[in-house]
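Asker: Residues in the sequence shown are numbered consecutively from 124, following the numbering used here.
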Amino acid sequence: MNILMVLTSHDELGDTGEKTGFWLEEFAAPYYVLKDAGGQITLASPKGGQPPLDPKSDAEDAQTDATRRFKDDPEAQEALAHTKVLSEVDAAGFDAVFYPGGHGPLWDLAEDADSQRLLETFAASDRPIGAVCHAPAIFRHTEGADGKPLVADRKVTAFSNSEEEAVGLKDVVPFLLEDMLAKNGATYSKGEDWSSYVVVDGKLVTGQNPASSEEAARELLKML
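(1) By a C-beta neighbour count over all protein chains shown, 10 Å radius and 16 as the cutoff for buried, is Gly144 buried or exposed?
(2) Which value, in whole angstroms, describes the spacing of the CA atoms of Gly137 and Ala258?
(3) Where DSSP assigns a beta bridge to Phe145, which residues make up the other side?
(4) Give the DSSP-derived three-state secondary structure of Asp320 in the structure shown.
(5) Between which two residues does the beta strand (DSSP E) harbouring Ser168 extend?
(6) Quick test of your reading: Gln163 and Leu203, contact by CB under 8 Å. State the CB separation rounded to the nearest angstrom.
(7) Is DSSP giving Pro153 helix, strand or coil here?
(8) Quick one: residues in its chain with C-beta nearer than 7 Å to the C-beta of Thr206, no 5 flanking neighbours on either side, listed in chain order?
(9) Using only alpha-carbon positions, find the residue among Cys256, His133, Thr310, Met346 that is nearest to Pro223.
(10) Going along the chain, which residues of its own chain have a beta-carbon closer than 7 Å to the beta-carbon of Tyr155, five neighbours each way excluded?
(11) Would you mind working out which of Ser180, Ser285, Ala247, Val279 sits nearest Gly69, comparing C-alpha positions?
(12) Starting from Thr190, trace the alpha helix (DSSP H) both ways and give me its first and last residue.
(13) Nearest to Val212 by alpha carbon, out of Leu229, Asp237, Ala233?
(14) According to DSSP, is Leu136 helix, strand or coil?
(15) Enumerate in chain order the residues of its own chain whose CB-to-CB distance from Glu148 is below 7 Å, with the five nearest sequence positions on each side excluded.
(16) Anyone know if the C-beta pair for Met303 and Lys326 falls short of 8 Å?
(17) What does DSSP give as the partner residue(s) for Phe217 in the beta ladder?
(18) On a Cα-Cα basis, can you pick out the residue from Ala260, Asp196, Ala214, Thr310 that is closest to Phe245?
(19) Asn284 by DSSP, collapsed to three states: which one?
(20) Could you work out which residue in Ile252, Glu286, Glu288 is closest to Arg341 when comparing CA atoms only?
(21) Using a Cβ-Cβ cut-off of 8 Å (strictly less than) and excluding sequence neighbours within five positions of Lys293, which residues of its own chain qualify?
(22) Keeping to the same chain, check which residues put their C-beta closer than 6 Å to that of Lys142; ignore five residues upstream and five downstream.
(23) Measuring only the C-alpha atoms, how far is Pro272 from Asp249?
This is how it looks when you write it as structure tokens:
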């Protein structure tokens, strides 16, 4: 069971002067769900090496059992520090792909041609694709074999407009996930803000927010 996890390499939160990146819980929880089930995990990012961590996700009130486990796990830290360059990753060797969120993907992975190619390959071969919180940004330009957006006529979720407003970034982000997915023909739904909410449509798994990351990984695991 070989699983690829793709993280952002982007660390600037628009023009606010603040830092962003990937959200620690959204990496750590799925990482351990998949690893504990016997998964061989390969980590990749557009630039390779150490992906930027959103500092807010490292705050004390954002810690979970999974993030604390990661902080005590030198092997996982070492793996994260040496992610592969995404353009050098061949989709052929993997059974599934999972994208953790954080605001970073809105800027890089949403526009990344290598990510797009990878996703379209996974979709064409009907292999599981998972994305949580802001990671569904990856579906902005991806297309299915029919030339339509990959999420057209699919049920999905992602970080909601109301959650983006609550964190004060509605006017900072390059686009709102809820609006983009709807524009691409997806059927978007959401649960209560900040509560776990996961949508499964065929081999596509999406989670709404950090609280959804573990459940999203468990749904992906069922497909494997």
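In this text, a Cβ means the ideal position worked out from N, Cα and C, and glycines have one as well.
Answerer: Looking at the coordinates:
(1) The count along the sequence shown starts at 1 and reaches residue 144 at position 21. With a 10 Å radius around the Cβ and a threshold of 16 neighbouring Cβ atoms, Gly144 comes out buried.
(2) Position 14 of the sequence shown, counted from the start, is the residue given in the question as residue 137. Position 135 of the sequence shown, counted from the start, is the residue given in the question as residue 258. Rounded to the nearest whole angstrom, the CA to CA distance from Gly137 to Ala258 is 17 Å.
(3) Here residue 145 refers to the residue found at position 22 when the sequence shown is read from its first residue. Among the bridge pairs identified by DSSP, Phe145 is matched with Leu176.
(4) Residue 320 sits at position 197 when you count from the first residue of the sequence shown. For the record, residue 320 in the displayed sequence is Tyr; it is not Asp. Reduced to three states, the DSSP call for Tyr320 is coil.
(5) Locating residue 168 in the sequence shown gives position 45, where the first residue counts as 1. Start and end: 163 to 168.
(6) As a position in the sequence shown, residue 163 is number 40, starting the count at 1. As a position in the sequence shown, residue 203 is number 80, starting the count at 1. Not confirmed; about 15 Å, so no contact.
(7) As a position in the sequence shown, residue 153 is number 30, starting the count at 1. DSSP, read as helix, strand or coil, puts Pro153 in helix.
(8) Reading the sequence shown from its first residue, position 83 is the one you call residue 206. So the qualifying residues of the chain are Leu130, Leu166, Ala167, Ser168, Gly171, Gly172, Pro174.
(9) Numbered from its first residue, the sequence shown carries residue 223 at position 100. Of the listed residues, the one whose Cα sits closest to Pro223 is Cys256.
(10) The residue labelled residue 155 in the question sits at position 32 within the sequence shown. Ala189, Arg192, listed in sequence order.
(11) Missing from the structure shown is residue 69; the chain here goes from 124 to 347 and no further.
(12) In the sequence shown, residue 190 corresponds to position 67, counting from 1. Residues 188 to 194.
(13) Taking the first residue of the sequence shown as position 1, residue 212 is located at position 89. For the residues Leu229, Asp237, Ala233, the minimum Cα distance to Val212 belongs to Asp237.
(14) On the sequence shown, position 13 is the one that residue 136 refers to. In this structure, Leu136 counts as coil in the three-state DSSP scheme.
(15) If you number the sequence shown from 1, residue 148 lands on position 25. So the qualifying residues of the chain are Ser180, Ala185, Thr187, Ala189, Thr190, Pro333, Ser336.
(16) Position 180 of the sequence shown, counted from the first residue, corresponds to residue 303. Position 203 of the sequence shown, counted from the first residue, corresponds to residue 326. For Met303 and Lys326, no; Cβs fall outside 8 Å.
(17) Within the sequence shown, numbered from 1, the residue matching residue 217 stands at position 94. Phe217 pairs with nothing; no bridge assigned.
(18) Sequence index remark: in the sequence shown, residue 245 carries index 122 (1-based). The shortest CA-to-CA distance from Phe245 to any of Ala260, Asp196, Ala214, Thr310 is the one to Ala214.
(19) Residue mapping note: residue 284 aligns to position 161 of the sequence shown, counting from 1. The answer is helix: DSSP assigns Asn284 an H, G or I state.
(20) Working through the sequence shown from its first residue, we reach residue 341 at position 218. Here the closest residue by C-alpha is Ile252.
(21) One-based indexing of the sequence shown puts residue 293 at position 170. The beta carbon of Lys293 is closer than 8 Å to those of Asn284, Glu287, Leu299 in its chain, skipping five residues each way along the sequence.
(22) Mapped onto the sequence shown, residue 142 falls at position 19. Excluding residues within five positions, the ones whose Cβ falls inside 6 Å are Asp134, Pro178.
(23) Translated into positions along the sequence shown, residue 272 becomes position 149. Translated into positions along the sequence shown, residue 249 becomes position 126. Between Pro272 and Asp249, the C-alpha separation is close to 16 Å.
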